[in-house]
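Counting from 65, one number per residue, gives the positions in the sequence shown under this note's numbering.
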Amino acid sequence: MSEDLKQAALDYHEFPRPGKISVEITTAAATAHDLALAYSPGVAEPVREIARDPDNAYRYTAKGNLVAVITNGTAILGLGNLGPLASKPVMEGKALLFKKFAGIDSVDIEVDAESPQAFIDTVARIAETFGGINLEDIKAPECFEIERTLIERCNIPVFHDDQHGTAIVTAAGMISALEIAGKKLEEAHIVTLGAGAAASACMKLLINMGAKVENIYMIDRKGVIHSGREDLTPEKAIFATETDKRTLDDAIDGADVFVGLSGPNLLSAEQLKKMAATPVVFACANPDPEISPAVAHAARNDVIMATGRSDYPNQVNNVLGFPFIFRGALDVRASAINEEMKEAAVRALIKLAKEPVPQDVLDAYGLESLAFGPEYIIPKPTDARLFGALSMAVAQAAIDTGVARLPLPAHYPLTTLADLYK
Numbered sequence: 065m066s067e068d069l070k071q072a073a074l075d076y077h078e079f080p081r082p083g084k085i086s087v088e089i090t091t092a093a094a095t096a097h098d099l100a101l102a103y104s105p106g107v108a109e110p111v112r113e114i115a116r117d118p119d120n121a122y123r124y125t126a127k128g129n130l131v132a133v134i135t136n137g138t139a140i141l142g143l144g145n146l147g148p149l150a151s152k153p154v155m156e157g158k159a160l161l162f163k164k165f166a167g168i169d170s171v172d173i174e175v176d177a178e179s180p181q182a183f184i185d186t187v188a189r190i191a192e193t194f195g196g197i198n199l200e201d202i203k204a205p206e207c208f209e210i211e212r213t214l215i216e217r218c219n220i221p222v223f224h225d226d227q228h229g230t231a232i233v234t235a236a237g238m239i240s241a242l243e244i245a246g247k248k249l250e251e252a253h254i255v256t257l258g259a260g261a262a263a264s265a266c267m268k269l270l271i272n273m274g275a276k277v278e279n280i281y282m283i284d285r286k287g288v289i290h291s292g293r294e295d296l297t298p299e300k301a302i303f304a305t306e307t308d309k310r311t312l313d314d315a316i317d318g319a320d321v322f323v324g325l326s327g328p329n330l331l332s333a334e335q336l337k338k339m340a341a342t343p344v345v346f347a348c349a350n351p352d353p354e355i356s357p358a359v360a361h362a363a364r365n366d367v368i369m370a371t372g373r374s375d376y377p378n379q380v381n382n383v384l385g386f387p388f389i390f391r392g393a394l395d396v397r398a399s400a401i402n403e404e405m406k407e408a409a410v411r412a413l414i415k416l417a418k419e420p421v422p423q424d425v426l427d428a429y430g431l432e433s434l435a436f437g438p439e440y441i442i443p444k445p446t447d448a449r450l451f452g453a454l455s456m457a458v459a460q461a462a463i464d465t466g467v468a469r470l471p472l473p474a475h476y477p478l479t480t481l482a483d484l485y486k
């Protein structure tokens, strides 16, 4: 990052007032009568109603549209374990995205917890405040236990976006890319470099959608995860295959797909050349991918390429998913975000990518045209249609699978944020 951009980022966070979010008043507070209703004595009435029926909290408070973005700061972006306070700018940024893209009120919470159990207990005890919980920037393998236990203890959606948001967008892009390449997910040989939370979630979702575990080679710091290894966590053991492949160089030979969720410059041009015809490469390390698009296209003119960066085509960006997934879950008061809801989001992204691209999206990227193909496998983050398409798909899947406590709202399908208040 240039010095100018570094300073611009610091200025952005400091001025005109520190931070990126604030609290706004949503009702009248101008007169003595207003204040008597807002606080004492009027506030006693909704208190009594909620004590009588806890579901009335959704009627008389902001709970139903409030999501907590919670972390312990153990895996901040690509910066590592810098502690909960250092994670606050990231969590505020997530809250900003919830509000900007889906009209969801969000508050960031940074927990200084000495153990996963302490973190779990803290979050579980405050969960009643919120309509949903977005876990963020928590290192593996602790993140698996934390999310699993909180889902069991809480009756609101708990969603670790580093896992499932990444998985949903990756799966959508990959299925589209394979279709363009004339290949099928259930037949594709997939190499995954990285075995953390995001990689595990990506591969689990792909398996749920048709990929074969025996066609997946997951690689961690010690090499290919195979059935002969005795050092595997339960999360890694799921992907242990019987194979004599031991290195990335072994696994990449003839592979249809490469998914990088690791570090910069770890896939060479020579290794890319060993892949099958029309290879699909998702090099998602940020800010520097496992192989740069320039190097990849110079090595293979048939490669279909995605990265995590906004300055290249096919950005794998979680903002394509999490705001709208929570929007759909909140609007039908889902008790969880289940696998069917995630798969519905994947299918909605794939469908939207095949539709004509609106002019405002083309204008935002300075393009004259854009159509489903090698350089457009997933929608752009500025596409306003994401709001309605994903929210509707997720909400309907929640209803279909029995985790919704409300029917579709009368104002569905959504088209703009204004629809939320009709």
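All C-beta atoms in this analysis are idealised placements derived from N, C-alpha and C, irrespective of residue type, glycine included.
Asp98 and Val107 have their C-alpha atoms some 11 Å from each other.
Apart from the 5 residues on each side of it in sequence, Ala115 has no Cβ closer than 7 Å to any other Cβ in its chain. Between the alpha carbons of Arg81 and Asp75 lies a distance of about 10 Å.
Here Ala191 has Ile197, Cys218 and Ile220 as same chain residues with Cβ atoms under 7 Å from its own Cβ, once five neighbours each way along the sequence are excluded.
With respect to Pro148, Val175 sits close: the two C-beta atoms are nearer than 8 Å. Fully enclosed beta strand (DSSP E) runs of no fewer than 3 residues occupy 130 to 135, 169 to 174 and 196 to 199 of the stretch 128 to 203, in order along the chain. Residue nearest to Thr213 within the set Asn136, Pro180, Pro422 and Glu407 is Pro180 (criterion: CA-CA distance).
Relative to the Cα of Lys248, the nearest Cα in the group Ala188, Ile271, Asp119 and Leu146 belongs to Ile271.
A contact between stretches requires three or more CB pairs, one per stretch, nearer than 8 Å, and the stretch 229 to 239 meets this requirement with the stretch 261 to 270. Exposed is the label assigned to Thr95, since fewer than 16 other Cβ atoms lie within 10 Å of its Cβ. Remark: fewer than three beta-carbon pairs, one from each stretch, lie closer than 8 Å, so the stretch 397 to 408 and the stretch 428 to 439 are not flagged as touching. When the beta-carbon positions are compared, Ala333 and Val255 stay at least 8 Å from each other. DSSP places Val288 within a strand segment (E or B) once states are collapsed to three. In the DSSP annotation of this structure, Phe79 is not part of any alpha helix (DSSP H), being labelled neither H nor E. A distance below 6 Å between beta-carbons, with the five flanking residues on each side excluded, links Asp395 to the following residues of its chain, in chain order: Ala459 and Pro473. In the pairwise beta carbon analysis, the stretch 341 to 356 is classified as not touching the stretch 285 to 299: fewer than three pairs are separated by under 8 Å. In this structure, Ile441 and Asn381 do not form a Cβ contact; the two beta carbons are roughly 13 Å apart against a cut-off of 8 Å. For Ala252, the CB contacts under 7 Å within the same chain, skipping 5 residues up- and downstream, are Leu242, Ala275, Asn279, Asp320 and Val321 in chain order. The beta-bridge partner set that DSSP reports for Tyr281 consists of Val255. In the structure shown, the three-state DSSP call for Tyr476 is coil. Bridge partners of Gly437 according to DSSP: Tyr440. Its chain contains Val367 and Met369 as the residues whose beta carbon lies nearer than 8 Å to that of His361, once the 5 sequence neighbours on both sides are disregarded; these appear in chain order.
The distance from the Cβ of Ala259 to that of Ile283 is about 7 Å, consistent with a contact at the 8 Å cut-off. Here the alpha carbons of Ser104 and Ile140 stand approximately 42 Å from one another. Exposure of His475 is indicated by the presence of fewer than 16 other C-beta atoms within 10 angstroms of its C-beta. The beta-bridge partner set that DSSP reports for Thr371 consists of Ala347 and Gln379.
Per DSSP, the continuous beta strand (DSSP E) segment holding Gly324 begins and ends at Val321 to Gly324.
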